[in-house]
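Colleague:
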Amino acid sequence: MPPILEADPGIPIRNPTTPYWQVPRHSLAEVSSAKLPAETDVVIIGSGMTACSVAKTLLQQDDSLKMTVLEARGLASGASSRNGGHIVSPSFQDFGELIESFGVTAASEIAEFTLKNIEKTFDVVAEYAGTSLEADSKIRRTEKVIAYIDQTTYDKARRNLRLWNQAMPEHRRDPFRLLGAQEAKVTYGLQNVVGVAVGPGAAVWPYRLWCGLWSLLLKEYSERLSIETMTPALSVTANPRGRKYTVHTHRGEIRASHVVYCTNGFTPHLLPRLRGKLFPLRGTMSAQDLGSSFPNRGNAQSWSFVGQPTTDLETGATSMGLYYLTQDPDSGLMLLGGEHDKAEVVLSSDDSTLNTTSAEKVLEILPRVFDNVTSTPDAKSIWSGIMGFARDGLPLIGELPAIITGRQEGGEWIAAGFNGYGTAYCLSCGQAVAEMILGKDVSSWMPSALLISRERFESGLTSGKFWDGMIGLGDIGKAVAPTARSLL
């Protein structure tokens, strides 16, 4: 295994790049108690969308539990508010690979799970109707346009649609319609594409959504919920008596009966045995101004641009073959992200710097794919964020076995490794972990392929077949396709 995958990601850097989404900062950005609680029922490490879902579920379903959220930096300031603003499932795009890796039944269960998770996001916002959550977060349904820049990826979409319709229930069939290059140009103003898939999508201002939800929870459950920002968890140790665990921070120690790791790409710092099986990947995002000539479609459309992963033989930089785009419906700014850089650059947990080549590349994409963009966009903001990738391509959910923690006490839980698609998984995965903590059976709706186990740790997470095929880094750094230049 390449040593870079087994490196300690450390704790989140204190001076990260600033996302467009996080300006201005929320009033609770650095919320904390005057003194760290000495003990609690549940410690949740992390404060992103997964952690928020865990806390919300526990607070609403058990009125006796107290919990403390530990956040290394500002509230919801990690991947949950550094992303592209999409609320999207990867299951259609990945359906063939899901079947090959996990079987038809598991692939169908995963697809259904992610689609319901998207609806759950809208349900959560609707739950707080009468507050400003919906307006502040700008959550909206869109028409999703997936543009394919080569015949191979377009043919793959055709195959995925056929497999999807064979495997999924009737009400889920034909989620996308496929159009050719001419229709893509006439209807969507796209150029240099072989065709498009058009179907349902959604978008949101992620930072405002999750900070807004935390604010509502803290207001309603202030006696049972403590949020401690700027307080990284440094280590977790077992106790011989009383509360099972002690979580160590620079502000002191807190004892808890349960510890939940909602730490995504940083998880292997606290759970070293996961190194090489779950690892960070630094993504690149941008906010770009295309000027008044480009129409504002922010309330109507969101986009992805998909091509074969390729390696530039001159620079050694690998394109992952995916760029994703939303548009702010008010300002009209285009929010575009994607990766085109060397493996040793992107496989990093430091979001205080940028992937240099990726940062340059994101400014080249839009003039190439939209026929009415004739000049280089004005970059208003470029930032990075750390995602968590699992070697087998699926999130790690559930109670951690002793082979991972090195501790026999039980009561340590994980929801991490969302492979760049947190909005498709996090809410439901957080709910599942919370309900498992409460002793509830989630097997009727939680795909078993996502559950962490000794068997998965020893076998599934040792193989990079799924991840390598989807992301395109092959054996990390080798050319996936001998192509000197690529549109993406």
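Heads up, the sequence shown is in the working numbering, so the first residue is 339 and it goes up one at a time.
No residue lacks a Cβ here, since even glycine has one placed at the ideal position from N, Cα and C.
Just so we're clear, the structure is a prediction, and the values are computed from it rather than from any experiment.
1. Taking the beta strand (DSSP E) that His827 belongs to, which residues open and close that run?
2. Just to confirm my understanding: we take Ser564, look at its own chain, exclude 5 residues before and 5 after, and list those with CB closer than 6 Å. What are they?
3. Could you compute how far the alpha carbon of Ser669 sits from the alpha carbon of Ser475?
4. Over what stretch of residues does the alpha helix (DSSP H) that includes Arg562 continue unbroken?
5. To the nearest angstrom, how far is it from the Cα of Ser427 to the Cα of Arg579?
6. Give the straight-line distance between the Cα atoms of Thr601 and Ala753, rounded to the nearest whole angstrom.
7. Using a 10 Å radius around the Cβ and a threshold of 16 neighbouring Cβ atoms, would you call Gly468 buried or exposed?
8. Taking the Cβ atom as the reference point for each residue, do Tyr492 and Val532 lie within a distance shorter than 8 Å?
9. From what residue to what residue does the beta strand (DSSP E) around Val380 run?
10. Which of helix, strand or coil does DSSP assign to Tyr583?
11. May I ask you to report which of helix, strand or coil DSSP gives His424?
12. Helix, strand or coil for His364 per DSSP?
13. When the distance is taken between beta carbons, is Thr656 closer than 8 Å to Ser722?
14. Is the number of C-beta pairs between the stretch 777–790 and the stretch 411–427 that are closer than 8 Å three or more?
15. For the beta strand (DSSP E) holding Lys476, just list the boundary residues, first then last.
16. Determine the extent of the beta strand (DSSP E) in which Pro538 is found, giving its start and end residues.
17. With H, G and I counted as helix, E and B as strand and the rest as coil, what does DSSP make of Asp716?
18. Buried or exposed for Gln489, please, with buried defined as at least 16 other CB atoms from any protein chain shown within 10 angstroms of its CB.
19. With the cut-off set at 8 Å, would you say Val462 and Ile775 are in Cβ contact?
20. Check whether chain B comes within 8 Å of Pro428, counting only Cβ atoms and requiring the distance to be less than that.
21. I believe Ala485 touches Ala522 by the beta-carbon criterion, under 8 Å. Please report the beta-carbon distance rounded to the nearest angstrom.
22. Taking just the CA atoms, how far does Pro705 sit from Gly777?
23. Please classify Val574: is it buried, with 16 or more other beta-carbons within 10 angstroms of its beta-carbon, or exposed?
24. Measure the Cβ-Cβ separation of Gln626 and Lys699 and say whether it is below 8 Å.
25. Out of curiosity, what's the CA-to-CA distance linking Glu793 and Thr395?
26. Please return the same chain residues whose Cβ sits closer than 6 Å to the Cβ of Arg593, not counting the five positions on each side in sequence.
27. Going by DSSP, name the residue or residues bridged to Tyr486.
28. Would you give the residue range spanned by the beta strand (DSSP E) that Ser439 belongs to?
29. Am I right that Ala541 and Thr664 are in contact with their C-beta atoms under 8 Å? What's the rounded C-beta distance?
30. Mapping the DSSP letters down to three states, classify Ser827 as helix, strand or coil.
31. Can you give me the start and stop residues for the alpha helix (DSSP H) that Gln399 sits inside?
32. Counting pairs of Cβ atoms below 8 Å between the stretch 759–774 and the stretch 425–442, do you hit three or more?
33. Out of Ser766, Ala473 and Asn710, which one is the CA nearest neighbour of Leu734?
34. With respect to the beta strand (DSSP E) encompassing Leu663, which residues constitute its N-terminal and C-terminal limits?
35. For Asn693, count neighbouring Cβ atoms within 10 angstroms of its own Cβ and tell me buried if that reaches 16, exposed if not.
36. Give me the Cα-Cα distance between Gln769 and Glu481, rounded to the nearest whole angstrom.
Modeller: Quick answer:
1. The structure shown has nothing for residue 827, since the chain only spans 339 to 826.
2. Ser371, Pro375 and Thr406
3. 14 Å
4. Arg562 -> no alpha helix (DSSP H), and no H or E assigned at all.
5. 44 Å
6. 8 Å
7. exposed
8. yes
9. Segment Glu377 to Ile383, the beta strand (DSSP E) holding Val380.
10. strand
11. strand
12. If DSSP states are grouped into helix, strand and coil, His364 belongs with coil.
13. no
14. no
15. Careful: Lys476 lies outside any beta strand (DSSP E) and carries neither H nor E.
16. Gly533 to Ala541
17. In this structure, Asp716 counts as strand in the three-state DSSP scheme.
18. exposed
19. No, the pair does not count as a contact, with Cβ atoms beyond the cut-off.
20. Within the model displayed, chain B is absent; a lone protein chain is all it includes.
21. 7 Å
22. 53 Å
23. buried
24. Going by C-beta atoms, Gln626 is not nearer than 8 Å to Lys699.
25. Between the C-alpha atoms of Glu793 and Thr395 there is a straight-line separation of about 28 Å.
26. Glu377, Arg581 and Thr584
27. Gly533 and Val644
28. Careful: Ser439 lies outside any beta strand (DSSP E), inside the alpha helix (DSSP H) at Ser429 to Phe440.
29. 4 Å
30. Residue 827 is absent from the structure shown; the chain starts at 339 and stops at 826.
31. Met387 to Gln399 is the extent of the alpha helix (DSSP H) around Gln399.
32. yes
33. Among Ser766, Ala473 and Asn710, the Cα nearest to that of Leu734 is on Ser766.
34. Thr656 to Gln665
35. buried
36. Gln769 and Glu481 have their C-alpha atoms roughly 28 Å apart.
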